[in-house]
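Asks:
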Amino acid sequence: MAEFVGIGYRKDFGNAFLECAEMQPAFIEVAPENWIEVGGYWKNELRKVADKYPIFNHGLSLSIGSPDPVDFDFLEKVKRFQSEWDVKIYSEHLSYSKCDNAHLYDLLPIPFRQDAVDHVSERIQRVQDFLGRKLVIEIVSYYTPVAAEMSEVDFINAILDKADCELLFDINNIYVNGFNHNYDPKGFIDSLDLSRVKYIHMAGHDKVSDDLIIDTHGQPIIDPVFDLFEYSIGKLNGPVPVLLERDFNIPELTELAQELNHLEAICQNVWK
Ligand SMILES: [Fe+2]
124 MAEFVGIGYR
134 KDFGNAFLEC
144 AEMQPAFIEV
154 APENWIEVGG
164 YWKNELRKVA
174 DKYPIFNHGL
184 SLSIGSPDPV
194 DFDFLEKVKR
204 FQSEWDVKIY
214 SEHLSYSKCD
224 NAHLYDLLPI
234 PFRQDAVDHV
244 SERIQRVQDF
254 LGRKLVIEIV
264 SYYTPVAAEM
274 SEVDFINAIL
284 DKADCELLFD
294 INNIYVNGFN
304 HNYDPKGFID
314 SLDLSRVKYI
324 HMAGHDKVSD
334 DLIIDTHGQP
344 IIDPVFDLFE
354 YSIGKLNGPV
364 PVLLERDFNI
374 PELTELAQEL
384 NHLEAICQNV
394 WK
């Protein structure tokens, strides 16, 4: 069984997930939005998985950067779900996906500005107070910066400090952003407040042209992102959980298990 590396759980894994000898993750991650209202057969399926593996939550719709009010009715449901399933980590995207009460079905970048730092930090603090736990915010991929007045890394560090929250260190997203916006991902990582890292995401992407990568989570992780992972985890104070994300083009479980075990081997090598 893996000690550090978990996997995003999907309903379509079915019984094979619990029967696959090669696939022994350290934990599973689910979006609370996909399970909050679920009962009957699927709830029983999740119970079987939860009996074997700890559950982490990675949310989709909190929209922490939104100008709209925080949706505490939704958060009440999240809180109940996390209590029922003993959820260890609640991460969300440092982005927004709702505006004027409309769902935009995308994770849009927040302007890198001081007024946005103040706005987002205040919202994170209110969410943390309500849930009684730290929010783990994820560095997202973005395709154009919006009205930036400071660097991305200064923006993220300022929110971590002001909101006193934790960081989901998505190393593939940093690689993708570095490529698309022409900066050195290692330099970005060197400037990031790594003392806040609580959780890591690793994924594959699609290079669609010479100067554009799309963060699809639809391919295996490429070697330069594995290299960046090894570089990054060596800079942390100690081990944190690592998730293998795969949302499209899902291969056989045995193939996913190989990728998971590759990540686990790097973790064991660096952290043991
Ligand atoms: Fe991620």
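Going by the working numbering, the letters in the sequence shown line up with residues 124 to 395, in that order.
All C-beta atoms, glycine included, are put in the ideal place defined by N, C-alpha and C.
Could you tell me if the beta carbon of GLU368 falls within a distance shorter than 7 Å of some heavy atom in ligand 1?
Replies: True, at least one ligand heavy atom lies under 7 Å from that Cβ.
Asks: Starting from the N-terminal end, write out each residue whose C-beta falls within a distance shorter than 5 Å of any non-hydrogen atom of ligand 1.
Replies: Counting every residue whose Cβ lies closer than 5 Å to a heavy atom of ligand 1, we get ASP293, HIS324.
Asks: Got a sec, what are the start and stop residues for the beta strand (DSSP E) VAL153 sits in?
Replies: Counting along the chain, the beta strand (DSSP E) containing VAL153 begins and ends at 151 to 153.
Asks: Output the distance between the C-alpha atoms of GLU387 and ASN372, rounded to the nearest integer angstrom.
Replies: So the alpha carbons of these two residues sit roughly 22 Å apart.
Asks: Compare the Cα-Cα distances from ASP229 to each of LEU254, SER214, ILE282, VAL263 and report the closest residue.
Replies: Among LEU254, SER214, ILE282, VAL263, the Cα nearest to that of ASP229 is on VAL263.
Asks: I'd like to confirm the pairing. Which residues does DSSP put opposite VAL320 in its beta bridges?
Replies: Note: VAL320 sits in a beta bridge opposite LEU290.
Asks: For ILE112, is the classification buried or exposed, using 16 other Cβ atoms within 10 angstroms of its Cβ as the cut-off for buried?
Replies: Here the chain comprises residues numbered 124 to 395, so residue 112 is not present and cannot be evaluated.
Asks: What residue ranges within the stretch 299 to 372 form continuous beta strand (DSSP E) runs of no fewer than 3 residues, ordered along the chain?
Replies: List check, beta strand (DSSP E) in window: 320 to 325, 329 to 332, 335 to 337, 365 to 367.
Asks: Comparing the CB of ASN360 with every heavy atom of ligand 3, is any distance shorter than 7 Å?
Replies: Absence of ligand 3 from the depicted structure is noted, with ligand 1 being the only ligands included.
Asks: Where DSSP assigns a beta bridge to LEU179, which residues make up the other side?
Replies: Per the sequence presented here, residue 179 reads as Phe, with Leu not at that position. PHE179 is bridged to GLU152.
Asks: Tell whether a beta-carbon distance below 8 Å holds between LEU397 and LYS166.
Replies: The first residue shown for the chain is 124 and the last is 395, placing residue 397 beyond what the model contains.
Asks: Measure the C-alpha to C-alpha separation of PRO374 and MET325 and round it to an integer number of angstroms.
Replies: Going by the C-alpha atoms only, they are around 16 Å apart.
Asks: Return helix, strand or coil for CYS222, following the three-state DSSP convention.
Replies: In the structure shown, CYS222 sits in a strand (DSSP, three-state: E or B).
Asks: Please report the distance separating the alpha-carbon of MET124 from that of MET146.
Replies: One C-alpha to the other measures close to 8 Å.
Asks: Check the C-beta distance from LEU359 over to LEU290 and give it rounded, since I have them as a contact under 8 Å.
Replies: About 11 Å; that fails the 8 Å criterion.
Asks: Who are the Cβ neighbours of LYS285 in its own chain at under 8 Å, not counting the five residues just before and after it?
Replies: For LYS285, where only same-chain residues beyond five positions count, the Cβ hits under 8 Å are VAL240, ASP241, SER244.
Asks: Determine the burial state of SER332: buried for a count of at least 16 other Cβ atoms within 10 Å of its Cβ, exposed for fewer.
Replies: By the 10 Å Cβ count, SER332 comes out exposed.
Asks: Tell me the rounded alpha-carbon separation between PHE352 and GLY137.
Replies: When rounded, the distance between both Cα atoms is 30 Å.
Asks: If we count the other Cβ atoms within 10 Å of its Cβ and call it buried at 16 or more, is GLU215 buried or exposed?
Replies: When all chains shown are included, GLU215 counts as buried.
Asks: Since ILE445 and CYS288 should fall inside the 8 Å C-beta cutoff, what is the C-beta to C-beta distance between them, to a whole number of angstroms?
Replies: Because the chain in this structure spans residues 124 to 395, residue 445 falls outside the shown range and cannot be described.
Asks: Less than 8 Å between the C-beta atoms of ALA139 and HIS181, yes or no?
Replies: Result no, Cβ atoms of ALA139 and HIS181 do not sit closer than 8 Å.
Asks: How big is the Cα-Cα spacing for GLN381 and CYS390?
Replies: GLN381 and CYS390: Cα-Cα distance of roughly 14 Å.
Asks: Using CA atoms only, rank isn't needed, just tell me which of PRO308, ASN224, TRP208 is closest to ASP396.
Replies: Residue 396 is absent from the structure shown; the chain starts at 124 and stops at 395.
Asks: Hey, PRO315 and ILE345: beta-carbon distance below 8 Å or not?
Replies: Sequence inspection shows Leu at residue 315; the Pro mentioned does not correspond to that position. Contact: no.
Asks: Alpha helix (DSSP H) containing ILE389: first to last residue?
Replies: Counting along the chain, the alpha helix (DSSP H) containing ILE389 begins and ends at 376 to 394.
Asks: Please report the Cβ distance between PHE204 and TYR176, rounded to the nearest whole angstrom; I am assuming they are in contact, meaning their Cβ atoms lie under 8 Å.
Replies: In fact, because the Cβ distance is near 16 Å, the residues do not count as touching under 8 Å.
Asks: Is GLU272 closer than 8 Å to PHE235 when the C-beta atoms are compared?
Replies: Cβ distance < 8 Å, so PHE235 and GLU272 count as in contact.
Asks: Identify whether ASP241 lies in helix, strand or coil by the three-state DSSP scheme.
Replies: Helix at ASP241.
Asks: Roughly how far, in whole angstroms, is the beta-carbon of LEU335 from the beta-carbon of ILE130, given that I think they are within contact range, below 8 Å?
Replies: No, LEU335 and ILE130 are not in contact; Cβ-Cβ is about 28 Å, not under 8 Å.
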